[in-house]
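Chains as they are written, first to last, in the working numbering: chain P, 35 to 341; chain U, 478 to 1039; chain X, 149 to 460.
C-beta: ideal position from N, C-alpha, C; glycine also.
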């Protein structure tokens, strides 16, 4: 283990990382946000979804000002129901990140699997998979996500809708995103397959599955990482957009997008903090992940991201 | 004196400090003269050319010395100043003709643009001059061809267009940076002849940068030898080749495969790091020696009959129609045990396809292949059959893509051993790996490193070790040294010869490089467009070639006379 | 072609299987007998393929069914909303291409200057901001705080035949600015980054090097040699992206209450108005297929290597 660690520190990868202030910054911001979201129940000063703790008198409290009636202070203010914005953001980030990570995971597994199969098996299988990918690419992912959501909504009985919403969200974003992974993996794998060490492996007698796992896959991983990071940022934004439009996370389990939707109504009446802080959180999250992904792409493979 | 360079020093700052690409180099060139700069990769020869014209790759910097062209100090010029001399006083011919031209513009457009830049001719006059230039460089029917796009020209033709473009500005100095390295031998000869003729006719000075001693020998008047950024020797070409003074020059010359006779081994190039003394392995009891069998030269190792392979391209709606390509056309030959059989041909002749047909990567459309009595094509998937197939191994051309960059060298060599059914423990495995590494003259601790830590020649050694780890009887060498420097090539060829003796191997050696073939092969087949045009003992091929194509190839081979 | 049929299939399946259209259409108080009559009339009892075929024929003739929610023929509703979206999309696309290409070229050429770095960072922010947030921000800034531009609606429109345009009136122009910028920002950033990356790559290619060595002046290199080559792949990608502007319009239209197809679609999803949803889908896929075709043709026109050559 020590040797691996030493190799890593001495590698070019780590060198560019430690010399890029952007990379370090975004990495720190992203990880701290994620960390906060994970331990939200521990650090949230209030628990905004427990009706017992809510006090309507706290409604519309401004940030950092102590409420005259109840004596509570809210760092970021409170919304119309008296919920602490800071806490709602923490819980909201949880939902946003959960959906984001799960969707990307789903898309990644599906996409990598299909991409590898397309490259390794070739022939008709490849043609079919790529055709489906092409067809799906003709539609913007938001549309596909909304479509799936709409269909799901039509199928499920109304009582279940709110609970299922999160899973439908994950499914729809994931399903609309797998194509990127498949394409990149397929392209990368096809490049590797042309290389002579694969021929050598065949000559040695390595079984095709062994070739995919031991030889092709490790060489494809860097590209997958880049796409995964960028996809995460995209997934977070997509989720926020869908929730904002009302076809995503419901108000009972609000993500940052839902919070913004709720807050939009109060923007023009002066309670700016209800929409401002969730928006800021969303921006920071997406930006840091994006910056990280961008830096990753520049370091690992400048040719990605265009196709 | 047209060009005078004194104490030129160029550095590239990088992660570890300042890399000195050129170290106090001094050169002189007169009009009408061809000066060659020869050296191996990384010696700095292209860098000198780049600095003359101000096209150093960033972050390169000129940190010392002077460059004087016709009295004008080029080292003092800033970027805008170079525009005045580029094309007009200095021109550069780059290495790869396939990427030197703008693919979206016609030849006419590109020529007229350059001509108009350096003269006051009208568009019509410029076009006339362009046609004249195309004539000068030997392009037939220039009036029609001038309207075509680059992709409609072959490699050699494109290089002629490049030369025409360079001449368009009427420069006094032409830098030719490896101008024929990417071309076939036959085309190479004509391009070099063209450059020589133009040099004399237009009285320009030419700097010819190359790694090929044969090219130097045939084309240049004087030559400078570079090693690690320094110019170690300069002299008239004939004098340098017959009486080299500097030890590196001597070593370099001795590493070049002579085209006029066969030597048994290349004398070593001592300038590279010395290796460990090869560990003596008792092959009788060693794992490696378990599968060596007695040499019986009357048995055939490989019997190929009527081999044919046709490539049918996929038709796409928007690309021009390509016909089927008959890569290998009814080829038959036999290889005896212990022999080195060579197939020589230019690119596209089909020689690599044969290699892959034998190794099983491609399946032939017709014909049969028998290996050591086993029919390779109608195989059942039996364990025995597979085991036999592993006795054929291959060494590839590109040292950079023939090793999996993500596996350690030790793992790369271990893989075939394990697949071969190895039953020992980890320690025994490691021992075998170090022994194999020693056989290819690498240190044992190479096993812990990744391929990117090694040079091209060292990687080829790892490739050989990997091939040996399958304990093969038959080794296909597909241009194994074409991507290597001459001195490294000599080492690898020596290694292959030694291994053949020790392990009683049979080789199929494929290359486009005739002098190399002469040193290595017992029998040679000459291949052209999918067919064997001649097959004979090596010395007979060289001393008494029968087919016209063979004769042409041998005549066009740049001869390295000492 | 396949794409169209496939989409049609999906659209139609939605029609048929999601929820019971009859119940949705008729509300709660009909008797079973009435429902049965309507069902028969609408041909819902025929086998699947017959229905699909009828559907296709109807669609080709412009009959896309009746909106559940509005009770009007879908086609009518679509046509009514179409001009709004098209105008918005075109203006956005125009802005995006103009700004994207110029900024892309600039940052490729002057890649080391601080202006370039600023532009690049801002572009990253642009990619990280969801479209709706940008919209809200712009509304807040320009409509609420500064009061220069309207925050919703289309302004006054003028009818030209069956088309309604907002581009001729002053208030119409004012109204389209914010939504167009919002919609175009994301596209602009993508185009800019793509142009930049392609330009940079071309600028370090061999033939540019060779052109430089012949003394071709920098300006000519940038525009005549590099740009043309860089734009070739840009055109394909951009063409496809532009198609998605139509879909992204959904978000912008929601934020700005812009009465276009996007808003229509959102409403239809909320109210499970299947015919509208399905027809919107078909419309989008038709658009995409045609754009794809145009892009392919454009590509062959520009790159001589793709033309079938008959001389050798």
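>> So that I know if they touch, is there some Cβ in chain P lying closer than 8 Å to that of residue 892 of chain U?
In response: yes
>> Going by beta-carbon coordinates alone, are residue 887 of chain U and residue 938 of chain U separated by less than 8 Å?
In response: no
> For residue 249 of chain P, does the count of other Cβ atoms within 10 angstroms reach 16, so buried, or fall short, so exposed?
Replying inline: buried
>> Suppose you measure from the CA of residue 750 of chain U to the CA of residue 821 of chain U; what does that come to, to the nearest Å?
In response: At residue 750 of chain U, the pLDDT of 39 sits below 50, so the modelled position is not reliable and the matter cannot be decided from this model.
>> I need the boundaries of the beta strand (DSSP E) containing residue 533 of chain U, first residue and last residue.
In response: Looking at the DSSP string, residue 533 of chain U is not in any beta strand (DSSP E), and its letter there is neither H nor E.
> In terms of residue numbering, what span does the alpha helix (DSSP H) encompassing residue 638 of chain U cover?
Replying inline: 632-645
>> Which residue wins for smallest C-alpha separation from residue 593 of chain U, given the options X/449, X/364, X/394?
In response: X/364
>> Contact defined as beta carbons within less than 8 Å: I believe residue 1007 of chain U pairs with residue 804 of chain U. What is the distance between those atoms, to the nearest angstrom?
In response: 6 Å
> Name the chain P residues whose beta carbon is nearer than 8 Å to that of residue 272 of chain X?
Replying inline: 321, 324, 325, 328
> Less than 8 Å separating the beta-carbons of residue 204 of chain P and residue 140 of chain P?
Replying inline: yes
> To which residues does DSSP link residue 988 of chain U through a beta bridge?
Replying inline: U/821
>> I believe residue 215 of chain P touches residue 145 of chain P by the beta-carbon criterion, under 8 Å. Please report the beta-carbon distance rounded to the nearest angstrom.
In response: 3 Å
>> Can you give me the C-alpha to C-alpha distance between residue 471 of chain X and residue 573 of chain U, rounded to a whole angstrom?
In response: Any property of residue 471 of chain X remains undetermined from this structure, which presents chain X solely from 149 to 460.
> Cβ of residue 120 of chain P less than 8 Å from any chain X Cβ?
Replying inline: no
> For residue 266 of chain P, is the classification buried or exposed, using 16 other Cβ atoms within 10 angstroms of its Cβ as the cut-off for buried?
Replying inline: buried
>> Just to confirm before moving on: does the CB-CB distance between residue 445 of chain X and residue 428 of chain X stay below 8 Å?
In response: no
> chain X beta carbons: is any one of them nearer than 8 Å to that of residue 298 of chain P?
Replying inline: yes
> In terms of residues, what are the limits of the alpha helix (DSSP H) holding residue 807 of chain U?
Replying inline: It is not in any alpha helix (DSSP H) - residue 807 of chain U instead sits in the beta strand (DSSP E) that spans 802-813.
> Does the beta carbon of residue 846 of chain U come closer than 8 Å to any beta carbon on chain P?
Replying inline: no
>> Counting only Cβ pairs nearer than 8 Å, list the residues of chain P close to residue 867 of chain U.
In response: 237, 238, 239
> Between which two residues does the alpha helix (DSSP H) carrying residue 328 of chain P extend?
Replying inline: 307-334
>> Assuming residue 503 of chain U is part of the beta strand (DSSP E), what are its boundary residues?
In response: 494-506
> Does the distance from the CB of residue 123 of chain P to the CB of residue 112 of chain P come in under 8 Å?
Replying inline: no
>> Is it buried or exposed, residue 492 of chain U, if we count other Cβ atoms within 10 angstroms and call 16 or more buried?
In response: exposed
>> When you compare the CB positions of residue 226 of chain P and residue 253 of chain P, do they come within less than 8 Å of one another, or not?
In response: yes
> Roughly how many whole angstroms lie between the Cα atoms of residue 70 of chain P and residue 117 of chain P?
Replying inline: 19 Å
> What are the residues that DSSP puts in a beta bridge with residue 298 of chain P?
Replying inline: Note: residue 298 of chain P sits in no beta bridge, so no partner.
>> So, with DSSP's three-state summary, where would you put residue 903 of chain U?
In response: helix
> Of the residues that make up the stretch 353-366 of chain X, which ones have a beta carbon closer than 9 Å to any beta carbon in chain B?
Replying inline: Annotation note: the requested chain B is absent from the structure, which comprises protein chains P, U and X.
>> Counting only Cβ-Cβ distances shorter than 8 Å, please list the residues of the stretch 383-401 of chain X near chain P, keeping chain order.
In response: 385, 388, 391, 392, 395, 396, 398, 399
>> Which residue wins for smallest C-alpha separation from residue 863 of chain U, given the options U/777, U/853, U/647?
In response: U/853
> For residue 957 of chain U, which three-state DSSP category applies?
Replying inline: coil
> With respect to the alpha helix (DSSP H) encompassing residue 238 of chain P, which residues constitute its N-terminal and C-terminal limits?
Replying inline: 230-238
>> I need the boundaries of the beta strand (DSSP E) containing residue 713 of chain U, first residue and last residue.
In response: 707-713
> Starting from residue 145 of chain P and walking both ways along the alpha helix (DSSP H), at which residues does that stretch end?
Replying inline: 119-155
> Where does residue 1020 of chain U land, buried or exposed, given buried means 16+ other C-beta within 10 angstroms?
Replying inline: exposed
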